[in-house]
Amino acid sequence: MQTFTSVSILRAAVREHRQKGRTVAFVPTMGNLHEGHLELVRRAKDMADRVVVSIFVNPMQFGANEDLSRYPRTPKEDTAMLVAEGVHHLFLPSVEEMYPGGLEQQVRVSVPGISNILCGAERPGHFDGVATVVSKLFNMVDPDIAVFGQKDFQQLAIIRQLTRDLNFPIRIEGVETARAGDGLALSSRNGYLSQEQRAKAPALYATLCSTRDAIANGQRDYPALEQAAREALAHAGFQPGYYEIRDAGTLAKPDAECGEIVILASATMGNTRLIDNVTLVLP
Ligand code: PAF
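Numbering-wise (our numbering), the sequence shown opens with residue 3 and increments by one.
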């Protein structure tokens with residue numbers, strides 16, 4: 003695996019693949035890799051001749067009182083995992099390489115409509131930071147395919163929209179959420195949980211599944227289901243954030259035409275904010 007810290011050297015390597023007619027898949031990450039990331043990498047390997055992974059803890063997507071400074075950084079372990087998976091190139095830029103003019107002067111990409119709801123309402127500016135860095139990475143890596151996890155359902159919707167609206171010739175692939183045996187969605191932030199909190203945390207996925215089962219069994223009083231779920235989460239030791247049943251295509255409240263719903267939740271255990279979602283195709 004070749005590791006690049008400079009955009010120009012990365013570009014030259016990808017250009018060479020293109021000249022040789024090879025396809026390139028890209029997996030952007032913030033590192034502290036786990037099995038969920040490795041699933042994205044495996045999917046990328048199945049779909050293209052060469053795989054580029056980036057690791058960049060993007061300061062622009064963290065709010066002032068969020069966990070930027072304590073976000074886990076494990077470059078050695080991450081590199082070893084990527085080598086074991088047969089990744090071809092790792093892009094590991096510094097903040098200066100990504101934002102040479104500083105964050106304040108950086109042009110920003112903002113996806114209207116869906117960036118300020120759900121996670122965006124709880125984390126103002128977060129999705130502008132994500133949309134900006136993903137657009138920059140797309141321009142730097144120039145892949146044919148980019149692979150993202152469905153755990154960040156809203157992020158994936160935003161990336162699909164920016165790809166369409168900014169005419170990136172990139173196919174976006176969403177990969178199903180990787181879970182621990184007890185159902186907890188894999189996330190770098192799970193590492194912040196104490197043993198006791200970790201034991202309680204699967205209640206988030208269990209609650210989402212029971213809402214999904216209730217809808218599958220014909221219940222359609224969505225506000226009542228959302229309220230019951232918030233209470234169940236509080237009972238399980240979470241501080242519930244949002245808990246919303248939405249149209250999976252638009253993230254709007256579902257109307258009579260809706261063919262697939264997504265149930266999305268954020269909930270905080272101690273100081274650790276977790277998110278998860280499940281989908282259901284309606285009959
Ligand atoms: O999902 C993530 O890890 C990040 O939001 C991403 C897409 C790598 C952008 O920084």
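Note that the Cβ used here is the ideal one computed from N, Cα and C, for glycine as well.
In whole angstroms, what is the alpha-carbon distance linking residue i and residue j?
{"i": "S137", "j": "N60", "result": "13 Å"}
{"i": "R200", "j": "L253", "result": "29 Å"}
{"i": "A236", "j": "L282", "result": "24 Å"}
{"i": "V149", "j": "P30", "result": "8 Å"}
{"i": "R214", "j": "Y224", "result": "11 Å"}
{"i": "V85", "j": "L70", "result": "26 Å"}
{"i": "R125", "j": "G65", "result": "7 Å"}
{"i": "M142", "j": "R20", "result": "14 Å"}
{"i": "F58", "j": "Q221", "result": "43 Å"}
{"i": "A238", "j": "E198", "result": "12 Å"}
{"i": "D167", "j": "F140", "result": "14 Å"}
{"i": "G33", "j": "A82", "result": "12 Å"}
{"i": "G258", "j": "F6", "result": "It is Ala, not Gly, that sits at residue 258 in the sequence shown. Going by the C-alpha atoms only, they are around 50 Å apart."}
{"i": "P242", "j": "L276", "result": "10 Å"}
{"i": "H39", "j": "I11", "result": "24 Å"}
For residue i and residue j, which I take to be in contact (beta-carbon distance under 8 Å), what is that distance rounded to the nearest angstrom?
{"i": "T134", "j": "M62", "result": "6 Å"}
{"i": "V177", "j": "E87", "result": "Wrong, their Cβ atoms sit about 14 Å apart, outside the cutoff."}
{"i": "L186", "j": "A180", "result": "Not confirmed; about 10 Å, so no contact."}
{"i": "A269", "j": "L195", "result": "Rounded, the Cβ-Cβ distance is 12 Å, inconsistent with contact."}
From this set, the options, which residue's C-alpha is nearest residue i's C-alpha?
{"i": "A182", "options": "D278, V55 and A82", "result": "D278"}
{"i": "V111", "options": "G239, S96 and G131", "result": "G131"}
{"i": "R232", "options": "T209, N219, A250 and A216", "result": "T209"}
{"i": "G272", "options": "A203, L284, G103 and S96", "result": "A203"}
{"i": "L311", "options": "T274, P285, V264 and L284", "result": "Outside the displayed range of the chain (3 to 285) lies residue 311, so it cannot be described from this structure."}
{"i": "L35", "options": "L12, A218, T76 and D146", "result": "T76"}
{"i": "V97", "options": "S56, D249 and V16", "result": "S56"}
{"i": "F28", "options": "M100, H91 and D154", "result": "H91"}
{"i": "G67", "options": "L284, P285 and T274", "result": "A small fix is needed here, since residue 67 is Asn in this sequence, not Gly. Ranking L284, P285 and T274 by Cα distance to N67 puts T274 first."}
*asked:* List, from N- to C-terminal side, the beta strand (DSSP E) runs of 3 residues or more that fit wholly inside the segment 50–119.
replied: You should have 52–57 and 91–93.
Jot down the residue ranges of each uninterrupted alpha helix (DSSP H) in the segment 190–277, minimum 4 residues, whole runs only, in chain order. Note on the segment 190–277: whole alpha helix (DSSP H) runs with a minimum of 4 residues are 197–202, 205–218 and 224–237, in chain order.
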